[in-house]
Structure formats: C-alpha cells, structure tokens
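I have placed the structure first, in the form of structure tokens, so that the comments after it can refer back to it.
There are 4 protein chains.
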Amino acid sequence: MKTSRLEAFSDGVIAIIITIMVLEMKIPHGTTLAELKPLTGTFLSYVLSFIYVGIYWNNHHHLFHVTKRVTGGILWANLHLLFWLSLFPFVTGWMGENHFTALPVALYGFVLLMASIAYWVLQSTISRDTKAGELLRSALGKDFKGKLSPLLYLCAIGFAFLQPWVSAFLYVATALMWLIPDRRYERALEVEASD
Amino acid sequence: MKTSRLEAFSDGVIAIIITIMVLEMKIPHGTTLAELKPLTGTFLSYVLSFIYVGIYWNNHHHLFHVTKRVTGGILWANLHLLFWLSLFPFVTGWMGENHFTALPVALYGFVLLMASIAYWVLQSTISRDTKAGELLRSALGKDFKGKLSPLLYLCAIGFAFLQPWVSAFLYVATALMWLIPDRRYERALEVEASD
Amino acid sequence: MKTSRLEAFSDGVIAIIITIMVLEMKIPHGTTLAELKPLTGTFLSYVLSFIYVGIYWNNHHHLFHVTKRVTGGILWANLHLLFWLSLFPFVTGWMGENHFTALPVALYGFVLLMASIAYWVLQSTISRDTKAGELLRSALGKDFKGKLSPLLYLCAIGFAFLQPWVSAFLYVATALMWLIPDRRYERALEVEASD
Amino acid sequence: MKTSRLEAFSDGVIAIIITIMVLEMKIPHGTTLAELKPLTGTFLSYVLSFIYVGIYWNNHHHLFHVTKRVTGGILWANLHLLFWLSLFPFVTGWMGENHFTALPVALYGFVLLMASIAYWVLQSTISRDTKAGELLRSALGKDFKGKLSPLLYLCAIGFAFLQPWVSAFLYVATALMWLIPDRRYERALEVEASD
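Taken in sequence, the protein lines are chains A, B, C and D.
Note that this note's numbering numbers the first sequence so that position 7 is 7, with each residue one more than the last.
Note that this note's numbering numbers the second sequence so that position 20 is 215, with each residue one more than the last.
Note that this note's numbering numbers the third sequence so that position 156 is 546, with each residue one more than the last.
Note that this note's numbering numbers the fourth sequence so that position 1 is 586, with each residue one more than the last.
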C-alpha cells in the first residue's frame with residue numbers, strides 16, 4: 001500500500017492539533033492590558049507546543065519521504081504517535097493556565113516523553129517492515145537527537161517537582177536542538193541518488 | 196469517478212472526529228493529582244474511542260484500496276458511516292464524564308452498533324456497484340469479525356442496564372479483536388496479482 | 391491552474407463544518423433519559439444540516455469533476471460559498487436549541503438561501519471562465535432543482551413567522567429532493583465520451 | 586522534496602482556522618432580534634477575518650504554484666506564517682466581542698502586521714532557496730501591495746488608540762486592495778511558457 005493516504009490523514013490530525021491548541025487561549029472579557037496579562041502563560045506554552053508539533057510534522061514529513069510502502073504495523077505505530085500528539089492541547093492548556101507549576105509541567109514532559117518514544121517505535125517499525133529500512137538507517141546514523149531527547153524529558157519531569165522553570169528551560173532547549181537544520185535525510189538521498 | 200476525493204474528505208472528517216474528542220477532557224482548574232482524578236473516566240473512554248476511530252480509519256483505508264470507482268450510492272453510504280462516527284465525541288464524553296453508568300454506556304454501544312451497520316452497508320454498496328465487488332468479496336471471505344461485532348454491541352447494550360462494566364469489557368474486547376492484524380486484503384490482492 | 395488544491399481546501403473546510411456542528415450538542419450532566427430529551431431539537435437540526443452539507447459536498451464534487459482549470463474568479467466564488475456554509479453550525483445550533491421557533495428557523499432558511507445563491511454564482515463563474523462551460527451547461531440542463539430550491543427557501547422563511555413547522559417540513563422536503571440520485575453529470579460525461 | 590505535502594498541511598491548517606473562527610460567535614439563548622444584535626460586532630469581524638484568511642490562502646496557492654521544491658528553511662518559514670494566522674480566531678473574537686475598542690483593534694492589526702511580515706519572509710526564502718526564484722521575482726515585480734500593507738497595518742495600530750473606526754476602515758481597505766484580481770503570477774507563467 002502507498003503512503004499517500006497515511007500522510008494525508010496524519011497531516012489532517014496534526015493540522016487540527018496545532019490549531020485547536022489556540023482555543024485554550026480564552027478570550028478575556030475586558031479590553032485592558034491588565035486583562036491580557038493572565039494569558040501570558042497560556043500564550044508561551046502555546047508557542048512552545050506549536051514549535052513541538054511543527055517539529056513532529058517536519059520529522060514525519062522527512063520520515064515518510066524515504067518510506068515507500070505501508071504495512072499494518074506502520075499504520076498502528078503512526079496512530080500511536082498521533083494519540084500522544086493529540087494530548088498536546090490538554091497538557092499545553094493545563095501548564096499555561098497554571099503558570100508552569102509542578103504537576104502540569106511534569107505531565108507536559110510525560111506527554112513529550114511518550115510522543116518521542118512513539119516516534120522511535122514508528123521509526124523502528126518502518127526500518128524493519130520496509131525496504132526503505134537501509135536508507136532510513138543510513139539517514140538516521142547514530143540518531144543522536146532521537147536518543148538524547150527522551151533523557152532530557154526525563155530530567156525535566158524530575159525537575160518539575162523541584163524547580164519547574166528548569167524543566168521549562170529544558171523543553172525550550174530540546175525544541176531548539178531540533179530546530180537546527182537536519183540534513184541527514186537529504187544527504188542520505190543524495191548518496192543513494194549518486195550511487 | 197475516482198475515489199481520491201472521497202478518501203480525502205473521509206480522512207478529513209475522521210481526523211477531526213479523532214482530535215476533537217480530546218476537547219471533552221476539560222482542563223481542571225487546580226494543579227493537584229486529586230483534580231486530575233475525576234478525568235480518569237473521560238481519559239479511558241477517550242482512549243477506547245481513539246482506538247475505535249483508528250480501526251474504522253484503518254478498515255476504510257483497506258476497503259477503498261480495492262475500490263476503483265465511486266457511484267452516487269457509495270458517496271451516500273460513506274456519508275452515512277461518517278454521520279455515526281461523528282457522534283463518537285458526544286457519546287464518548289457523556290460515558291466518560293459519568294464514569295460508565297447505564298444509559299451513557301448503552302448509548303455508546305448504540306452508536307457503535309449503528310456505525311458497524313453503516314460500515315456493512317458501505318461494504319455491500321461497493322461490492323454491488325463496482326467491478327471491485329469480486330475482489331472485495333474474496334478479501335472479506337466470511338467476514339467473521341464484521342458479523343460478530345454487531346452481536347457483541349447488542350449484548351453490551353443489554354448488559355449496560357445490569358452491569359455496565361461488562362459492557363465496557365465487551366467494547367474493549369471487540370476493539371482488541373479488530374486490532375489483530377487482518378491480512379485478508381493483502382492476501383486477496385496477492386492472489387489477484389499472481390493470477 | 392489545476393483544481394486539486396481548491397478541492398483539497400474545500401474538502402477540509404466542509405469536513406470541519408460537518409464535524410464541529412456536533413459540538414453544539416452539549417453533553418448533559420445527568421444520565422437519565424429525561425436529560426437527553428432537551429437535545430432532541432439539537433439532534434434533529436444536526437441531522438438535517440449534516441444532510442445539507444453532505445449534499446453540498448456531493449454537488450461540489452460533481453461540479454469540479456467537469457472543471458479542469460481554476461481562475462481567480464472561481465477561487466473567490468468558491469470561498470464565498472464556503473463562507474455561507476461556515477454559518478451552518480451557528481444557525482443549526484440556534485434553531486435546535488430553541489426547538490424550531492420563528493426567528494431561528496427563518497435565519498436557518500436565510501443561510502440556506504444564500505448558500506444556494508453562492509452555489510449558483512460558483513456554477514455560473516465556472517461555466518463562463520472555463521472551457522468546461524459547455525460540458526457543464528449540458529450536464530445541468532434546465533437545472534430545475536437549482537432554480538426551485540431558492541424559491542422553497544424563500545417560502546420557508548415566510549412561513550417561519552406563521553408556522554415554523556411548515557418551514558422545517560420545506561427544509562426536509564428540499565433536502566430529500568436533492569437526495570434523489572442525480573445522473574446529469576454522469577450522463578453528460580458519457581455523451582462527451584461517446585462523441 | 587516536493588511541495589504537495591506542505592501544501593496539504595497548510596490547506597488543513599488554514600481550513601481549520603477559517604472555520605473555527607465561527608465558533609467565537611456564541612449561540613444566543615433567546616430567540617429575538619434583540620438577542621442577535623450584540624453579535625453584530627463578532628459577525629463583522631468574522632467576515633473581515635474570513636476575507637483575510639481567504640486572501641492568504643489565495644496568495645499561498647499562487648506562491649507555491651511557482652515553487653517546485655521545498656527546503657528546510659521553507660518548511661519553517663511556512664510554519665511561522667501559519668503560527669500568526671492561527672492567532673486570527675483569538676484576535677477576531679476579542680475585537681468583535683468588544684465592538685472595536687482600542688486595544689483589541691490594535692492587537693488585531695499587530696497580528697495582521699506579523700502575518701504580512703511572515704508572508705514576506707516566506708516569499709524571500711522561496712526566492713532565495715529554489716530555482717523558482719527568478720520566476721517568482723518576475724511575478725512579484727515591485728510587489729507594491731506587499732510593501733504597502735505592513736505600512737497600512739502600522740498606521741491602523743496607531744489610530745486604534747485615537748479612532749478605532751479609522752483602523753477598522755484601514756483593515757477593510759487593505760483587504761479590498763488584495764481582492765482586486767492579481768494577474769502577476771499568470772502573466773509571469775505565460776511569459777515563461779512563451780519563451
């Protein structure tokens with residue numbers, strides 16, 4: 001089976017997730033700056049989650065660029081990833097509304113952790129089930145970022161109960177790490193093309 | 196007519212259904228574990244419905260993989276299926292918020308029942324209206340799961356008024372039954388290809 | 391320009407409209423049948439609107455099936471149609487919540503009327519701007535349904551202030567009229583193919 | 586990499602933005618004209634934002650029509666644009682609910698300003714990163730509208746604190762300016778084709 005419908009469905013789900021998060025920013029009733037202020041936390045956590053969902057979409061885009069065929073296992077590994085991403089609006093809203101207090105910050109990290117594990121499972125399933133496996137493995141290389149991120153999320157979950165702002169900093173730092181252009185897939189495809 | 200636009204539209208509707216269900220998990224105002232606890236029911240019913248909608252998307256994906264042409268009848272049979280799926284967020288939220296009490300559990304089963312009937316109607320319409328009929332029929336075989344599921348939902352509706360947890364168990368069991376990899380379509384396509 | 395992106399965007403908007411209408415059915419807090427009863431109006435108006443949006447999607451699907459090229463005028467005529475369709479969730483919820491009283495019923499008819507005019511404008515723009523004009527005109531023929539519907543909506547708006555149930559009957563009757571299979575496009579395409 | 590998935594994802598996000606804005610029009614509880622009246626502001630700001638999002642979709646459609654390849658930079662420039670567009674429902678609702686008072690009107694202008702800058706960044710990234718650069722530059726010409734719009738938004742932000750209705754007028758005027766058919770891309774493509 002081709003990947004087009006799986007990509008279209010994932011695009012749809014991710015597009016909705018990234019957009020409904022903004023609905024957690026409730027419109028204030030007054031019109032003064034003072035009334036906008038309590039929304040700062042919600043806005044900052046929205047920006048952070050927007051970037052994270054953007055990173056996932058980006059990586060998903062690259063991942064399926066080297067995948068040619070879809071198996072039943074890939075379909076479910078993909079749905080599993082979408083499940084954890086679908087919890088972003090909830091944890092984003094909860095963390096933002098409570099201005100980065102302990103438990104919401106830890107739960108945010110937990111969802112990030114589970115999403116990163118789900119992404120890793122999806123990658124492994126594709127690498128095992130399809131002929132794209134070799135290309136994918138050469139593209140990923142040591143997959144340094146993919147291995148470091150869950151560790152950083154684990155640290156952040158721990159720090160949430162001591163200094164939640166350290167956790168917030170770790171979330172931002174991990175996001176920035178992923179924002180650095182990643183040319184692994186392009187390089188692997190070029191290598192393949194030049195063979 | 197080709198199936199691509201019908202698939203894109205269905206993907207869109209199913210993607211929205213699977214994502215807005217999470218909106219029923221209202222963000223709690225406090226930040227303690229005690230305040231997360233009342234959400235357990237909503238979360239569990241969300242997970243269950245996510246899996247069900249995922250199963251429907253999966254089956255829809257397989258079904259239209261062997262369908263080449265769309266008729267007016269197929270368009271409406273497909274919209275009929277989407278209608279019942281669109282009621283998932285409502286019944287999921289109601290069942291979850293009330294911690295699996297009788298009537299919400301029965302209504303959840305009723306929507307599952309109607310969706311399974313709508314899926315069966317869609318299958319039959321495709322099998323009758325298109326040349327894919329033969330391929331589809333050979334792929335479905337005796338369609339054991341398709342015939343057993345409505346019966347299980349009917350049982351669950353009955354049990355809802357006696358022991359709602361039995362119904363919940365039946366919903367989970369039926370979902371698991373569908374999660375077992377189903378290679379009917381792959382096999383039928385391989386048989387066709389080898390002819 | 392090709393029609394694919396316009397179709398994908400319209401599919402997305404229509405898929406969201408048809409799905410968020412269900413959010414107007416607020417989950418009741420109790421679990422008795424008595425608490426579901428006030429939702430009857432909302433449910434019935436949801437079913438009606440689901441069918442109407444389904445009809446529009448169906449007709450849109452057929453219309454762009456004979457359209458090969460998109461112009462700036464078509465883009466905006468299409469957005470104009472989507473605008474009126476986007477008001478469906480609002481008028482559906484208002485009419486349903488108030489159990490089909492005068493003003494909500496009239497406003498519902500007004501949005502139906504404007505949508506049917508917008509559809510007619512879109513049809514005319516395509517027929518004028520593209521080479522598909524001739525094929526489209528032969529497919530539409532006298533466009534009996536397209537001309538009768540706005541008149542029926544006008545009648546229904548009038549009746550809303552006398553006997554709103556007559557209006558509701560007219561809305562249902564008009565929807566049923568459109569549900570009758572419409573083979574104009576198929577026939578026109580067959581005629582063209584056989585030439 | 587091809588542009589198709591980026592276009593599909595953007596279509597999804599824009600379709601959701603344009604549709605969920607209507608959710609800010611809360612259904613009134615009564616059924617009299619008097620109860621609809623407070624919604625006038627919300628409705629007018631909805632119409633304005635619908636047109637703006639429509640313009641952005643239109644321009645996006647044209648822009649990617651001359652873009653053949655997607656780079657990492659383009660992916661993120663596109664997400665940056667979508668981020669600012671995703672704030673439309675919030676500022677539209679706030680401005681509408683408060684009947685065009687100072688701060689909401691200014692914030693609306695700020696989001697318009699940032700979206701226009703984000704669009705300009707996207708354009709520049711495409712023009713720099715891809716071979717379509719030359720075609721795009723010749724299509725844009727002096728990009729008069731693209732340069733004038735941010736200035737008009739800046740003026741409108743200033744006026745918001747003096748005479749918000751002047752700002753509203755500027756928003757409407759800028760939108761109308763973009764509605765005037767823009768044949769730059771068509772012309773550039775024709776020139777290219779005739780070479």
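Every residue, glycine too, gets a C-beta built ideally from N, C-alpha and C.
Contact annotation: serine 712(D) and phenylalanine 673(D) have beta-carbon atoms that are not nearer than 8 Å. Valine 13(A) is not a Cβ neighbour of leucine 113(A), given a cutoff of 8 Å.
When the Cα atoms are used, isoleucine 51(A) and alanine 175(A) turn out to be separated by approximately 7 Å.
Between the C-alpha atoms of histidine 489(C) and threonine 432(C) there is a straight-line separation of about 8 Å.
The Cβ atoms of tyrosine 153(A) and serine 116(A) lie closer than 8 Å to each other. C-alpha of histidine 450(C) to C-alpha of glycine 694(D): approximately 35 Å in a straight line. Glutamine 123(A): member of the alpha helix (DSSP H) spanning 102–129, first to last residue.
Counted as a single uninterrupted DSSP element, the alpha helix (DSSP H) harbouring asparagine 273(B) occupies residues 267–281. Within its own chain, the residues whose Cβ lies closer than 7 Å to the Cβ of serine 539(C), once the five positions on either side in sequence are excluded, are Ser506, Thr564, listed in chain order. Interface residue (Cβ-Cβ distance to chain D less than 8 Å): isoleucine 410(C) is classified as such.
Contact note: glycine 531(C) does not reach chain B at a C-beta cutoff of 8 Å; the least C-beta distance is about 17 Å.
Minimum Cα-Cα distance from leucine 234(B) among the listed residues Leu122(A), Trp94(A), Leu136(A) corresponds to Trp94(A). CA-to-CA, the gap between threonine 652(D) and valine 437(C) works out to about 42 Å.
Considering only Gly96(A), Ala34(A), Leu79(A), Leu140(A), the residue with the shortest C-alpha distance to isoleucine 222(B) is Gly96(A). Alanine 619(D) counts as exposed, since fewer than 16 other C-beta atoms from the protein chains shown sit within 10 angstroms of its C-beta. For tryptophan 360(B), the CB contacts under 8 Å within the same chain, skipping 5 residues up- and downstream, are Phe295 in chain order. Only Gly639, Trp642, Asn643, His646, His650 from the segment 639–651 of chain D bring a Cβ to less than 7 Å from some Cβ of chain C. Taking the Cβ atoms as the reference, alanine 301(B) lies roughly 5 Å from isoleucine 352(B), within the contact range of under 8 Å.
Contacts with chain B (Cβ-Cβ distance below 8 Å) from the segment 85–98 of chain A involve Ser86, Leu87, Pro89, Phe90, Gly93, Trp94, Glu97, Asn98, listed in chain order.
With a cutoff of 8 Å on beta-carbon distance, threonine 421(C) and leucine 298(B) are scored as near each other.
Residues of the same chain with a CB within less than 8 Å of the CB of leucine 270(B), apart from the 5 flanking positions on each side, are Leu201 in chain order. From the listed residues Ala363(B), Trp373(B), Arg264(B), the smallest Cα separation to serine 240(B) is found for Ala363(B). Residue nearest to methionine 372(B) within the set Lys342(B), Phe354(B), Trp279(B), Tyr314(B) is Lys342(B) (criterion: CA-CA distance). Straight-line spacing of the CA atoms in aspartate 519(C) and threonine 461(C) works out to 7 Å.
In this structure leucine 512(C) is buried. Its beta-carbon is surrounded by 16 or more other beta-carbon atoms within 10 angstroms. Nearest neighbour of serine 595(D) by Cα position, chosen from Arg137(A), Lys142(A), Thr19(A), Ser4(A), turns out to be Thr19(A). Of Leu670(D), Phe649(D), Val638(D), the smallest CA-CA separation from leucine 720(D) is found for Phe649(D).
Interface annotation, isoleucine 711(D): not in contact with chain A, CB-CB separation never under 8 Å. Across the structure, lysine 587(D) and alanine 662(D) are spaced so that their CA atoms are roughly 16 Å apart.
Look at isoleucine 16(A): its C-beta is under 8 Å from a C-beta on chain D. In the DSSP assignment, aspartate 401(C) falls within the unbroken alpha helix (DSSP H) covering 394–410. With contacts defined by Cβ atoms closer than 8 Å, valine 111(A) and tryptophan 84(A) form a contacting pair. Look at glycine 54(A) here: in three-state DSSP terms it is helix. Look at phenylalanine 144(A) here: in three-state DSSP terms it is helix. Assigned with DSSP and collapsed to three states, lysine 221(B) falls in coil, not helix or strand.
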